[in-house]
Amino acid sequence: APARFADLYRTELLKAGLPETALAREETLGAAIGVWATDFEIQRRAGGAHVYQEREGRMTLATTRGDFVLTARADRLEVDDGRISVIDFKTGAAPSWKQVNSGFSPQLSLTAAIARAGGFAELGAVQPKDLLYISVTGRTPPARITDVGGPGQREPQPVEQTVDEALEGLNRLIGDYERRERAYVSRSAPPFAQRAYSDYDHLARVREWSVADEAEPDA
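And the structure:
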């Protein structure tokens, strides 16, 4: 299985246009990921969980101005005894527990909320179990699993609470944007998103104002 994974990885890289001269490094990473991925599948499926990949879900939230439809596309969902693990794969760093629980990265929490409401048609309504980010690099270790939904953190809380708070935060945000005086800003929390990019940064002249703020005052 690891060798098969490495072959598929190489094939996809070539399809994507990676030159053969650059394959040596990637093949080494692919081999390490193949071994890790094989072990990961064996361990995750050992308990008999049903695995769903690349699934789309949605839920409708009623507002004073009509329905708001929340959608999600999940990398991987695992259902075991009526409880769901929501898993997202990253090729870079994963959001931290703090970023998730402060509302800056609610992706997995809201995906779990959709699943709890029965928004993934073939799953039915399932309760949240785990919210996992998996950063896959092929280095040492080949992948890191970050549980951002519950125990194991400095300030642990039940995963259900994490999901509830994310949904409550979304409802508050929707209500806030229903007010006519609420402006649509390109960055809602600039000090915490300095490396982020918004499609509307150019309209808000973010770079121009940022450079001006960083300029040293005249002597």
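The sequence shown: position 137 = 1143 (the numbering used here), numbered continuously.
For every residue, glycine included, the Cβ atom is placed at its ideal position computed from N, Cα and C.
- Thr1066 and Ala1121 have their C-alpha atoms roughly 12 angstroms apart.
- Assigned with DSSP and collapsed to three states, Phe1011 falls in helix.
- For Leu1116, the secondary structure class from DSSP, reduced to helix, strand or coil, is helix.
- Nearest C-alpha to Gly1155 among Ala1189, Glu1047 and Ser1115: Ser1115.
- Going by beta carbons, Thr1044 and Phe1011 fall inside the 8 angstroms limit.
- Inclusion of Ala1055 and Asp1086 in the CB contact set at 8 angstroms is warranted, their separation being smaller than that value.
- The shortest C-alpha to C-alpha distance from Ala1119 to any of Asp1136, Gln1105, Phe1110 and Lys1104 is the one to Asp1136.
- Under DSSP, Glu1084 shares a beta bridge with Val1057 and Ser1091.
- Here the alpha carbon of Arg1188 sits roughly 15 angstroms from the alpha carbon of Leu1176.
- Relative to Asp1170, the option among Arg1051, Leu1014, Ser1192 and Gly1109 whose CA is nearest is Gly1109.
- A residue is called buried once 16 or more other Cβ atoms fall within 10 Å of its Cβ, and Ile1048, having fewer, is exposed.
- The beta carbons of Leu1129 and Leu1173 sit no closer together than 8 angstroms.
- For Ala1189, there is no enclosing beta strand (DSSP E), as DSSP marks it with neither H nor E.
- Judged by DSSP secondary structure, Tyr1139 falls within the beta strand (DSSP E) whose first and last residues are Gln1133 to Val1142.
- Burial is judged here by how many other beta carbons sit within 10 angstroms of a residue's own beta carbon; Ile1151 has fewer than 16 and is exposed.
- The three-state secondary structure of Arg1050, taken from DSSP, is helix.
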